[in-house]
Amino acid sequence: MRSGVLITATLPVTSVSTRRTPGVLGWHQAETVLVLGQADGHLDFERMAAITFCSDESVLQRDTTYTITGQFGQDPTTKRPMLRHNAMSQVDVGPFASSLDNLAGRAHLSAIGQVKSVHFEEGTRMGMPWNAVVVVKHDYVDPLTAGPRQNHFRHYTPLPSYWGELDVGVTVCINASLIGKDKETSSFVAQAVAYLWFKRHAATSASSARPQSVLFRHWLNEPLGYRAQP
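Quick look at the structure:
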């Protein structure tokens, strides 16, 4: 099962698109603004590169806002976010007349990845002295560099009764809203709405081993914290 993170976000474009590869259809890059709302109430305006596979007629236009769905990644050196998509997954919504505050927390993530490790750290909620921290890896392919890279997402679980089911090697699917960025680690922080994990049960032979869905739950009163770090 291939891993990755899809993002859907409404993004104002702040630069002229530049062609990065030749051909009738090629990769074009433009600068956009990803608006993040922090827990203390202030906004962060994160510069994000939007890399579009399209013709010259379909490039992102400066001073126009688009709702875009594509693969989300983060540059391991600069820590800047990037979005890879094609012209079929962008919708022109025109100049953004409202305040950019209205875009904070509205970017949505759909992620799938494999658990690399599970550890525990001190929690802050009443009655929850510890959190289980699950490091999940996913793939991102940058079309403008040599090849694929891996990013790591940290996923915070709310209820100890389910910690034992999050094992190394488990495949996890998560839906979340991107809400902030950690200043110390440059990790992106999202609020998870729901998740589903697949666990491979022990079997007598390799041919009988198969992935099986073991849990799907919506957390309405106890939302999850979800962090991304390259």
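Start counting the sequence shown at 0; every next residue gets the next number (numbering that gives the first Met the number 0). Every residue gets a Cβ at the ideal spot worked out from N, C-alpha and C, and that includes glycine. These numbers were taken from a predicted model, which means no experiment stands behind them.
Residue range of the beta strand (DSSP E) that Asp62 falls in? Looking at the DSSP string, Asp62 is not in any beta strand (DSSP E), and its letter there is neither H nor E.
Less than 8 Å between the CB atoms is what I'm expecting for Gly112 and Ser2, so what's the real figure, rounded? 4 Å
Between the Cα of Val171 and the Cα atoms of Thr77, Ser97, Met87 and Tyr194, which residue gives the shortest distance? Tyr194
Within 10 angstroms of its Cβ, does Thr17 collect 16 or more other Cβ (buried), or is it exposed? exposed
Where do the N-terminal and C-terminal ends of the beta strand (DSSP E) with Glu45 fall, by residue? Leu42 to Cys53
According to DSSP, simplified to helix, strand and coil, what is Ser14? coil
Across which residues does DSSP place Leu99 in a beta bridge pair? Looking at the DSSP assignment, Leu99 forms no beta bridge with any residue, so it has no partner.
Opposite Gly36 in the DSSP bridges: which residues? Leu42
Mind reading off the beta-carbon distance from Thr68 to Thr7? Whole number of angstroms is fine, and I expect it under 8 Å. 4 Å
Note the first and the last residue of the continuous beta strand (DSSP E) segment covering Gly93. Gln89 to Gly93
To which residues of the same chain is Val90 closer than 7 Å at the C-beta, ignoring the five residues directly before and after it? Tyr65 and Thr66
On a CA-only basis, which of Thr20, Ala29 and Ala110 is nearest Val58? Give me that one, please. Ala29
Regarding Trp26 and the ligand SAM, is the C-beta to nearest heavy atom distance less than 7 Å? The model depicted lacks the ligand SAM and carries no ligand whatsoever.
Own chain residues within Cβ distance below 8 Å of Gly93, not counting five before or after: Thr63 and Thr64
Starting from Pro80, follow the beta strand (DSSP E) in both directions and report where the run begins and ends. Pro80 to Asn85
Buried versus exposed, by CB contacts within 10 Å (16 or more), Gly22: exposed
Residue from Ser88, Ser97, Gly72 and Lys115 with nearest C-alpha to Ser185: Gly72
Cα separation between Arg79 and Thr31? 11 Å
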